[in-house]
Amino acid sequence: MPEERTMHALPSLSVVIPTYNRCGALADTLESLALQRTSSDRFEVIVSDDGSTDATFDLCRAFRERLPLRYRYQQDVGYRAGAARNGGARLAAAPLLAFLDAGTLASPDLVEQHLRAHARGPATGLAVAGYAYGYRLWNRHTDLAGILRDSTPEAVVARHGDDPAFWDWRHEALAAFAFDLSGYATPWQVFWTMNCSVRAEDFWRAGGFRESYARWGLEDIELGLRLFRAGVPITFSREAWSIESPHERDVEKNLLSNRINLAEFVDEYRDDPLAELTWAVFTEEGEPFELERVYRDFLAWTRQAREVDVRAELSPGLPVRPGRLAVIGCGAALPADLPDAELFEFDETLEPDTGGGRHQLHRAIGLRTPLPPQSMDLVVVTSRLDGLRDRWGDRLLAEAHRIGRRVIVTPAAGPSAAPGPGPAPALPSQR
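So the sequence shown is residues 1 to 431, counted in full-length UniProt numbering.
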C-alpha cells in the first residue's frame, strides 16, 4: 500500500472520478492510473461513489495497494454527478484538480501532461481540456471494445489515431483553430469532465459544479462558462489524452435529459444572449460546435446594428393596452409615447430608455422569453433583428407568436414569415 504522505509531500494533482454501478469500467480507469509513468507521490485518486450497489467499494480497497486512493460514498437519491464531483473535490489535497469519468482510460502520461499544461500557463491559472479518443455520440468506431481488449491505450492510439471514427468528437471543430483555444470565442463548450483539469482555487471561486442538474448533461460546460467568465483561460491539450472506452448508452435518453438541463440553464442565465444562443443551438438537430460560428456571426451583427434606430418603426400610435406590448430589438432610443412595454435588446452595450421605469427591459435576443403564452396583445419584431433572421427567423417568429396575440415584423425587416393564419398585419398608422 502506498505510504502515507506528510505535510511536506502533498500531491500536485488530485484526480476525481465520479461513478455509479460501473465497477468494470472503473477498474479499467484505475488500472490506467496505476500505470502512470509519473511518480505516484505526485498525484492522488479520489473515487466519489454516487450510491453504487455493486462491488465498487471492494474494487477501490483492492486498488489502494497500487494507488494513493481515497473513496467517498453518497447515498443514491438519483443522478447527482455534480454533487459527487464536488464531494470528491472537497477531499482533494492537491492544488490542481483533474476530473475523469469511470471508463476513461488515461494515457500513461496523462497526469504529467496535465501538470505540464498548468506549469506552462499563466501564474493566475488556467483550465485544461484533454483530448478524448473514442468519444463520439454517433459514427463511433465499430470495434473499439475488441481493440482495447487486445492492446494498451498507447498502442491503440499509435495504430488508430489517424482514423476519424476514433477521433474525439471535438476534433474537427478544434482542428480549424489548430487546437489553439486562444482564438476561440466559446472555449467553455469543449470543457468536458471525461478529461479536464483546473486549479482548485479557481474551481471553488467559480462555485464548483452546479448540483441542481439532476440528469445527464451540461454540468461540465456550464462550469466551463463560469470559469471563462471569471477570467480563467481554457486551453486544449492533445498531449493529455485519454480514451473513452465504449459502453452502452441510451443516446436518445441522454439527449432528452440534456434538453431538460438546457431549459434549466437558459432560465438560470436569464438576460444573457450567449446563454440564449447556446440553448438555441444545442436544442437543434446538428452539430453543437456550430455555436462558435453562430456566436461570432451574432457578435458581428451586434456591432453592425449598434447604431440602428428603430423609433420610426415604432412611432405610429400602437393601439395596445399598457403592459401588453413587447418590442423585440428595441435599441437605445424609444418613442416617448410608447405604451408601457416589455423590451428585448441583445446589444449589452446599449442602455435602452425604459421610460423612467415604465418599460421592463430584458437583455435578450427574443428566441426564448420569460413571458407567459399569449400574454401580449402585440409583439413587434424590429429591423434590429434583420441580420439574425436568415438563421433564426423561424424561431424568433415562433416565440413571438407564442407570447403575442398579434405579431408585426416592421417593414424594414422585410416580409414576415410568421406562422398562423394570414400574413402579419402592417404597423398601424397614427390617426
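Backbone N, C-alpha and C define an ideal beta-carbon position, used for all residues, glycine too.
Can you grab the Cα-Cα spacing for the pair residue i / residue j, in whole Å?
i, j, result
"residue 174", "residue 95", "28 Å"
"residue 261", "residue 81", "13 Å"
"residue 41", "residue 10", "8 Å"
"residue 277", "residue 320", "30 Å"
"residue 47", "residue 73", "8 Å"
"residue 332", "residue 344", "11 Å"
"residue 216", "residue 206", "21 Å"
"residue 116", "residue 110", "10 Å"
"residue 426", "residue 408", "Only weak support is given to the placement of residue 426: the predicted model assigns it a pLDDT of 35, under 50, and the value that follows is read from those uncertain coordinates. Residue 426 and residue 408: Cα-Cα distance of roughly 7 Å."
"residue 194", "residue 299", "30 Å"
"residue 53", "residue 22", "10 Å"
"residue 253", "residue 64", "35 Å"
"residue 43", "residue 12", "6 Å"
"residue 282", "residue 170", "14 Å"
"residue 263", "residue 272", "13 Å"
"residue 199", "residue 182", "19 Å"
"residue 304", "residue 389", "14 Å"
"residue 122", "residue 112", "18 Å"
"residue 58", "residue 180", "42 Å"
"residue 214", "residue 267", "15 Å"
"residue 334", "residue 309", "8 Å"
"residue 84", "residue 256", "22 Å"
"residue 79", "residue 208", "17 Å"
"residue 325", "residue 405", "10 Å"
"residue 362", "residue 149", "54 Å"
"residue 55", "residue 24", "9 Å"
"residue 337", "residue 235", "50 Å"
"residue 161", "residue 259", "32 Å"
"residue 302", "residue 228", "21 Å"
"residue 39", "residue 30", "15 Å"
Round the Cβ separation of residue i and residue j to the nearest angstrom and send it over; I've been treating them as touching at under 8 Å.
i, j, result
"residue 360", "residue 403", "Not a contact, Cβ separation roughly 13 Å."
"residue 384", "residue 329", "3 Å"
"residue 114", "residue 98", "5 Å"
"residue 108", "residue 37", "5 Å"
"residue 395", "residue 371", "Not quite, the Cβ-Cβ distance comes to about 15 Å (not below 8 Å), so this is no contact."
"residue 130", "residue 237", "5 Å"
"residue 156", "residue 147", "6 Å"
"residue 91", "residue 70", "6 Å"
"residue 354", "residue 399", "Not a contact, Cβ separation roughly 22 Å."
"residue 220", "residue 191", "6 Å"
"residue 118", "residue 197", "7 Å"
With a threshold of 7 Å on Cβ separation, who are the neighbours of residue i within its own chain once the five nearest residues in sequence on each side are excluded?
i, result
"residue 265", "218, 222, 275, 279"
"residue 33", "15, 45, 67, 106"
"residue 139", "Only weak support is given to the placement of residue 139: the predicted model assigns it a pLDDT of 48, under 50, and the value that follows is read from those uncertain coordinates. Same-chain partners within the cutoff: 165."
"residue 364", "271, 273, 276, 344, 346"
"residue 4", "Interpretation of residue 4 is limited by its pLDDT of 44, a score under 50 that renders its predicted location unreliable; the figure taken from the coordinates is listed afterwards. Correct list: empty, nothing qualifies."
"residue 93", "10, 11, 14, 44"
"residue 154", "107, 108"
Is residue i close to the ligand SAH? I mean its beta-carbon at under 7 Å from any heavy atom of the ligand.
i, result
"residue 65", "In terms of ligand content, the structure shown is empty, and the ligand SAH therefore cannot be addressed."
Hey, out of the options, whose CA is closest to residue i's CA?
i, options, result
"residue 225", "15, 189, 130", "189"
"residue 291", "60, 391, 314", "391"
"residue 241", "288, 347, 306, 104", "104"
"residue 136", "328, 243, 379", "243"
"residue 202", "127, 162, 196", "127"
"residue 411", "357, 302, 311", "311"
"residue 346", "338, 382, 57", "382"
"residue 76", "39, 30, 69, 18", "18"
"residue 349", "387, 307, 388, 337", "307"
"residue 376", "287, 30, 364, 401", "401"
"residue 26", "220, 302, 405, 100", "100"
"residue 28", "132, 89, 152", "152"
"residue 172", "196, 197, 132, 211", "132"
"residue 125", "230, 39, 378, 239", "230"
"residue 210", "269, 35, 154", "269"
"residue 449", "239, 39, 293", "Nothing about residue 449 can be read from this structure; the chain reaches only from 1 to 431."
"residue 89", "204, 154, 35", "204"
Short of 6 Å in beta carbon distance, which residues of its chain neighbour residue i, apart from the five on each side in sequence? Order them along the chain.
i, result
"residue 327", "341, 343, 380"
"residue 20", "50, 52"
"residue 144", "134, 246"
"residue 358", "340"
"residue 233", "126"
Taking 8 Å as the limit between beta carbons, can you name the residues of its chain near residue i, skipping five residues before and five after?
i, result
"residue 295", "185, 186, 274, 277"
"residue 87", "48, 72, 74"
"residue 288", "189, 281, 282"
Completely contained alpha helix (DSSP H) runs for the stretch 30 to 107, where each covers 4 or more residues: 56 to 63, 81 to 91
What are the complete beta strand (DSSP E) segments, minimum 3 residues, inside the stretch 123 to 174? 127 to 133
Taking the runs of the beta strand (DSSP E) that are 3 residues or longer, which of them lie wholly in the stretch 357 to 411? 360 to 362, 376 to 381, 404 to 409
Which full runs of the alpha helix (DSSP H) of 4+ residues lie inside the UniProt domain "Galactosyltransferase C-terminal" (178 to 236), going along the chain? 200 to 205, 219 to 229
Hey, which unbroken runs of the beta strand (DSSP E) at 3 residues or more fall wholly within the stretch 231 to 316? 234 to 244
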